[in-house]
Every structure is written in C-alpha cells, then in structure tokens.
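Read the structure below first, then the notes.
Residue numbers (the working numbering), protein chains in the order written: chain U, 318 to 587; chain C, -7 to 387.
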C-alpha cells in the first residue's frame, strides 16, 4: 500500500470552484460560482492560446498548490482523462473531414493529451517529470494509483489532475455527459507537508467498488462524468474521520483508498 | 535496482517482428514509401506497415475494431510474445502482471472515419459507436484483453515520449510491489490528425527523411507497435537484458519547440544515469530521437555534446521506420536492446552529408561493437522528455 499525505485539493465544475465551495454545496448551501476560467498562473499570451480543457486543469492544479502552500515548480504532475479534450478532437475530426489542409497548427499542438502538463510546466518553470495518462472510465483511480506510487518511490510531491469535458454532440453516443468536472489532488510523501488534509493509503484490493453517492450538485448533474468517481473520495475527506473508499481500476481490479484524518478534521472543512 | 527485460518485439515499416527488422537494418533498406494513403493527399513519404487494414481481430475483440488495434494485434502475434505472457501468468499469477501502453493518438483514426459519415442528427453511425475505441485508453484496453491480463492497466499519452515513459511507470510499479511484471508497449498508427497536423506545422518532408544530414528538411510519419515484458529480477529465468535506468523531465519552454539548449533533455539523461548509477562514459550507444527536423537534430547534438565523449556511438533509426510518435519510444528501445544483445549498431540511414553545424558526430554506417549500455532518447510536444538506459542483466 502506498501511503501519502494529501497536501491540497482543487476542484472546479459549473456548480462550484474550490474546496470550500465544494464542501458548502455538498452541505446543501448555495454559492456563487465564477464559471469563466481565467487561471492567472498562465501568462495572458499563453492563456489566449490555451484551450478551455487546459484552463480547467491548470485552475484546479493551482488551487491544490495554493492550499498546500507548496513551491509549484517542485511537483511532478500526472494528468488523467478518459476522453481527453473532446472539443479539440471534435474540431480536428470536422476539419479533417472537409478541409484537412486548413487544420490550425496551434489547435494541433494543443491536441496532445499532455497539453495541460505542458502549459503547467511552462507557467511554473518546472522541469519535474510530467505525465498524462488514461484509464478510460477508471482514469481517476488509475491516476491516483500512479501518483501515489510515484510520490512514494521517487520521494517527490505529485500533483494528480483528473478531468472530463462535456461531450460534443457526436461523442454523446459513446460518452453521455453534459457537464465538465476537474479535480486535482496534491499527494506528498508522508511527513513532508506541514498541515496535510488527511492521509491516504492507496492499494489494489478485491473489494467491491463503493456505492456511488449522488453526484448532482446545485442542479448540475455530474453522475455520468467519469471524473465523478473521485467525488466519493472528496465527500469522505470533507466528512473528516476515517473512511475506506473502493474504486474500480480495471474489469477485475479495485483500488482501495484508506482516508485517515488527524484530529477533528477542522482543516478539511475549512 | 535493475529490472529484467524478457521477451520483446517490434513491428514497423522496417519489418513485422524482430527478424525482419534486423534484416532491414543489416541490409540498410528503408521501410519508407511514397505516401499511398487513399484519404491523404500530402506529398510526403510514410512508414506504413503492409496489410494492417486487413488484419482480422478475434471475435472477443471485434468491438475494439480500429486501425490502431489491428496494428497492435499484428504486433502481438510476433516473436511468441503472447506465449511468453501466458508462461508468465502460469509462473507468477495473472494478478501480479500489469499493463502500461503508450500512444499519442490512440484510435483517433477511427473517430476521423466516423466524422466523415456523421448522421444528419450529428450522431456517430451505428458501427462506430464503440465506447472503448474513442478513448485514449483504447490501446491499453485492447492489449490487456488480447493478452488476457486483468490486473492494473494504464495508457500513457505524452506525445512522442509516450512509450518511453511506460518503462518508468512499470519500474515504479514493480519496485513498489504493486505487481512483479508489466507488459509494456506502444502503438500508434497512421491517421490524418497526425499527417495534416504535422503538415500544418510545416514539419513534414516531401523526401525520405535524412536525420543529421545538412539537407534534412523534416519528418516522415510512420506507424509502429512494440511490446516488452519487464519484471523483477528472478522472475524471468531466461532474461539477459535489463532496464538499468530511466529519467523523465519537462522542458518548461514551449508547447511545440524544444528548448534551444536542450535543457529538459539533458536533465532526463542525467536522471537516467543517476538512477542507473552510471556516468556518461559507460554509455556505448545512444539511439537518438533524431527526427530529421532542422531544430531537433541540431539541439539533440548539442545535448549529446554536453554529456558524452565522441567515442560514444550515436545514431537515428528514423529513416528506416519514419517517426512513429507515441510508439517511437518502444520501437527505438527495442532497437537499443537488439544492439546490446547482438552487438550491431545501426548507422544513421540517409545521412549522406553530415551537417557541419551539428555538435556531435553521428555514425552513418552500421558498426559492430560491444554495447554494454545503450541509451534511448525520446522527446515530445509539451516539452516532454524521457531517456532510458538498457544493459545486460549482470551489468
């Protein structure tokens, strides 16, 4: 089992932006959400070129680092998504079907799955390892496993970002989600972070996956968004105390995550 | 800690399986051909694998139909790879084996095809409604299912370093004890996103690519797949080769241009050397990223000049295969492993007049040499770098 400290959390959807808002909305409160993403970490020049999908990732990655008060250039990154940037895929496939020679070079280089970690490394000046992975519908669990093992084995903080976009029309027959969701978790080697949110113990198990709780927040239905798998973990963390969550990571393997909160969990909800 | 490399294989324009590739390299025969893809009108050369489109997937994998998965299936049949995976399952148990596959574009060729036939409602036609195909994880799902592996599986997609980074993740998984062996690999197939994408960046050559030649003018796109079994020492009784080190880094410079001094690349090589406990002097051969764009080769030569002495052999194998993008890492790892195993180092094909401006001389003829350690370099968009070191298991 890979044991790490959860040093910070970032989260964004149309229903909440940031850990405090997520906890408030999960507790039934109403919040004002700024749904226009303008992550200040990215320079205005890069921000004009960056796709919405990259801005989502950088926004939550930045939130998690702010919460952890960590040096941004020191963290390795693991970005994960099942479907990737479907807006760009939709643009590329439409253009290729009609006028392939007019394909935009900027959109092409932004179409790589590691675009978000590329923009992140440029914005933070980080030479740390940057990864981009996929586990289809289980991308969240797969990325958590990869990030936790990397944090332990390389003794480096690892910033895991898991997200899915809203599906463009043609994708709806294979991935039917109308609402985007992005989540970042900063996993630090144990004892390297001054005030962790909680400790996470991540390992393979044969446990049945936990029953997914409702994933509708302030009228935004995130149920079918693949990244919503991680919401159960976040709700358990927000609750404080100790908990075990199980996520599927392949047809037969599950990931168990033991959440251990020190003290009364007051850090977790505030 | 070094890891054992067991059975491995590669399929590319230079040959289907190891024997054909080895023969192409010895005969210095390119696998490149003039672009003959029906759906692409670009004036360029490509590294196409003959017959991929007519590969039949077995019934239990038909729902994963795509050119990329057909290529993977063809590659998995070579060099008894699946038989070796089956042996491994019997020896250590299926739950002790992971799968990590690299790709840049997964099965996007299939998505492109579907978009040429969108229904008036903008929906995908029925036969293209394949949820496990239009995802980045498609090759990971396919390889795991084809090999009958049910443990942890992951697809890495970091552009042209994708299937080099699979070795780093596999090494961590094994060191951590998550699994005792990992089937690693990479698959990328020809598709219009890549051909017209690189065309939009004006990086495609109308000629056969000429790495490190003064007249080099861009890349040829290729398709390829390759696979290797990586395991904890002692798990593979017949293994003689090892993964001695790996290094990963980011450039923090630009999305599509490498850092002018190759800063991230040097960091990746340094991290790999450090992990292997080696100095640059112990490296006998470097298989270069060597794409044949003016910028890549100039900067990569600068990277080498910063770390290696001229006695280290260095070459690019891209003129045999084309640039296989997300599969380049595994393909060139296999070429490096073959150099360690057989002592034949491929000299850079198509490099007839070495660019006087490069800062490190590449070899242009095949050389027989005792290769104890070989490095494979992979650099991708987003400034994503990986360097791997392969050697003999006993050091």
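Cβ atoms here follow ideal geometry from the backbone N, Cα and C, with glycine treated the same way.
Could you tell me which of the options sits nearest to residue i, measuring between CA atoms?
i	options	result
residue 133 of chain C	U:509, U:410, U:438 and U:399	U:399
residue 263 of chain U	U:343, U:516, U:336 and U:393	Outside the displayed range of chain U (318 to 587) lies residue 263 of chain U, so it cannot be described from this structure.
residue 310 of chain C	C:39, C:70 and C:91	C:39
residue 486 of chain U	C:117, C:184, C:131 and C:198	C:117
residue 430 of chain U	U:319, U:449 and U:409	U:449
residue 42 of chain C	C:29, C:35 and C:54	C:29
residue 121 of chain C	C:162, C:157 and C:58	C:58
residue 56 of chain C	C:254, C:200 and C:102	C:102
residue 126 of chain C	U:468, U:410 and U:478	U:410
residue 4 of chain C	C:181, C:303, C:196 and C:255	C:181
residue 379 of chain C	C:315, C:228 and C:239	C:239
residue 153 of chain C	C:50, C:274 and C:96	C:96
residue 317 of chain C	C:306, C:52 and C:177	C:177
residue 210 of chain C	C:192, C:369, C:64 and C:226	C:192
residue 553 of chain U	U:577, U:373, U:374 and U:521	U:577
residue 159 of chain C	C:35, C:7 and C:369	C:369
residue 68 of chain C	C:175, C:80 and C:268	C:175
residue 333 of chain U	U:573, U:504, U:373 and U:560	U:373
residue 326 of chain C	C:225, C:235 and C:65	C:235
residue 502 of chain U	U:391, U:425, U:473 and U:378	U:378
Could you tell me whether the Cβ of residue i comes closer than 8 Å to any Cβ of chain U?
i	result
residue 80 of chain C	no
residue 382 of chain C	no
residue 129 of chain C	yes
residue 373 of chain C	yes
residue 122 of chain C	yes
residue 283 of chain C	no
residue 368 of chain C	no
residue 199 of chain C	no
Can you find a C-beta in chain C that's less than 8 Å from the C-beta of residue i?
i	result
residue 521 of chain U	yes
residue 378 of chain U	no
residue 567 of chain U	yes
residue 463 of chain U	yes
residue 400 of chain U	yes
residue 457 of chain U	no
residue 587 of chain U	Note on residue 587 of chain U: pLDDT 39, under 50, position unreliable in the model; the coordinate value appears next. For residue 587 of chain U, the answer is no, since every Cβ of chain C falls outside 8 Å of its Cβ.
residue 517 of chain U	no
residue 410 of chain U	yes
residue 472 of chain U	no
residue 486 of chain U	yes
residue 503 of chain U	no
residue 425 of chain U	yes
residue 500 of chain U	no
residue 450 of chain U	yes
residue 429 of chain U	yes
In chain order, what residues of the same chain lie with their CB nearer than 6 Å to the CB of residue i, ignoring the 5 residues before and after it?
i	result
residue 376 of chain U	329, 354 and 356
residue 581 of chain U	Legend: pLDDT at residue 581 of chain U = 48, less than 50; position of this residue unreliable, value from coordinates given subsequently. Same-chain partners within the cutoff: there are none.
residue 295 of chain C	254, 257 and 258
residue 354 of chain C	204, 306, 307 and 340
residue 319 of chain U	465, 466, 469 and 519
Take residue i and list the residues in its own chain whose beta-carbon comes closer than 7 Å to its own, dropping the five residues that flank it on each side.
i	result
residue 334 of chain C	none
residue 332 of chain C	233, 363, 366, 382, 383 and 384
residue 496 of chain U	330, 331, 483, 537, 538, 539 and 542
Below 7 Å, is the gap between the Cβ of residue i and the nearest heavy atom of the ligand FAD?
i	result
residue 63 of chain C	Among the components modelled here there is no ligand, and therefore nothing to report on the ligand FAD.
Beta-carbon within less than 8 Å of residue i's beta-carbon, same chain only, minus the 5 sequence neighbours each way: which residues are those?
i	result
residue 427 of chain U	366, 367, 368, 371, 402 and 405
residue 345 of chain C	205, 206 and 207
residue 587 of chain U	With a pLDDT of 39 at residue 587 of chain U, under the threshold of 50, the predicted position of this residue should be treated as unreliable, though the coordinate-derived value follows. Closer than 8 Å at the Cβ level, and outside the excluded window around residue 587 of chain U, lie 337.
Would you call the region 498 to 515 of chain U and the region 383 to 396 of chain U in contact, with 3 or more CB pairs under 8 Å? Taking 8 Å as the limit for Cβ pairs, the verdict is that the region 383 to 396 of chain U does touch the region 498 to 515 of chain U.
Contact between the region 313 to 323 of chain C and the region 249 to 267 of chain C (3+ Cβ pairs under 8 Å): Too few Cβ pairs lie closer than 8 Å, so no.
Below 8 Å, how does it come out for the region 217 to 235 of chain C and the region 454 to 465 of chain U: are there three or more Cβ pairs, yes or no? Taking a contact to require three or more Cβ pairs closer than 8 Å, the region 217 to 235 of chain C and the region 454 to 465 of chain U do not qualify as touching.
Contact between the region 67 to 84 of chain C and the region 149 to 158 of chain C (3+ Cβ pairs under 8 Å): With a cut-off of 8 Å, the region 149 to 158 of chain C and the region 67 to 84 of chain C do not count as touching, because too few Cβ pairs lie within range.
Any beta strand (DSSP E) of 3 or more consecutive residues that is wholly inside the region 367 to 416 of chain U: The beta strand (DSSP E) runs of length 3 or more contained entirely in the region 367 to 416 of chain U are, from start to end of the chain, 393 to 397.
Check whether the region 235 to 248 of chain C touches the region 342 to 356 of chain C, taking contact to mean three or more Cβ pairs, one atom from each stretch, closer than 8 Å. In this structure the region 235 to 248 of chain C does not touch the region 342 to 356 of chain C; the number of beta carbon pairs closer than 8 Å is below three.
Report yes or no: do three or more beta-carbon pairs, one from the region 282 to 299 of chain C and one from the region 471 to 485 of chain U, lie closer than 8 Å? Short answer: they don't touch.
Ordered list of beta strand (DSSP E) runs contained in the region 132 to 197 of chain C, each at least 3 residues: If we require 3 residues or more, the beta strand (DSSP E) runs fully inside the region 132 to 197 of chain C come out as 145 to 148 and 173 to 180.
So within the region 341 to 367 of chain U, which uninterrupted beta strand (DSSP E) runs reach at least 3 residues, ignoring any that extend past its ends? The region 341 to 367 of chain U contains no whole beta strand (DSSP E) run of 3 or more residues.
Which runs of the beta strand (DSSP E) spanning at least 3 residues fall entirely within the region 29 to 92 of chain C, listed in chain order? The region 29 to 92 of chain C contains these whole beta strand (DSSP E) runs: 37 to 39.
With contact counted as at least three CB pairs below 8 Å, one residue from each stretch, are the region 268 to 286 of chain C and the region 198 to 209 of chain C in contact? The region 268 to 286 of chain C makes contact with the region 198 to 209 of chain C, as at least three CB pairs between them are under 8 Å.
Meets three-Cβ-pair contact criterion under 8 Å: the region 434 to 443 of chain U and the region 210 to 219 of chain C: Flag = no, the region 434 to 443 of chain U and the region 210 to 219 of chain C do not touch.
With a threshold of 8 Å, are at least 3 pairs of Cβ atoms found where one atom belongs to the region 536 to 544 of chain U and the other to the region 488 to 498 of chain U? Result yes; three or more Cβ-Cβ pairs closer than 8 Å.
Three or more C-beta pairs below 8 Å linking the region 522 to 529 of chain U and the region 561 to 580 of chain U: They touch, by the three-pair rule.
Could you give the uninterrupted runs of the alpha helix (DSSP H) lying entirely in the region 324 to 359 of chain C, keeping only those of 4 residues or more? Listed in chain order, nothing qualifies, since the region 324 to 359 of chain C has no complete alpha helix (DSSP H) run of 4 or more residues.
Let me know the alpha helix (DSSP H) ranges lying completely inside the region 271 to 322 of chain C, each 4 residues or longer, listed in chain order. As for any alpha helix (DSSP H) of minimum length 4 sitting wholly inside the region 271 to 322 of chain C, the runs are 286 to 299 and 310 to 313, ordered along the chain.
Give, in chain order, every unbroken run of the beta strand (DSSP E) that is at least 3 residues long and sits entirely within the region 436 to 506 of chain U. Segments of the beta strand (DSSP E) lying fully in the region 436 to 506 of chain U: 447 to 451, 475 to 481 and 498 to 506.
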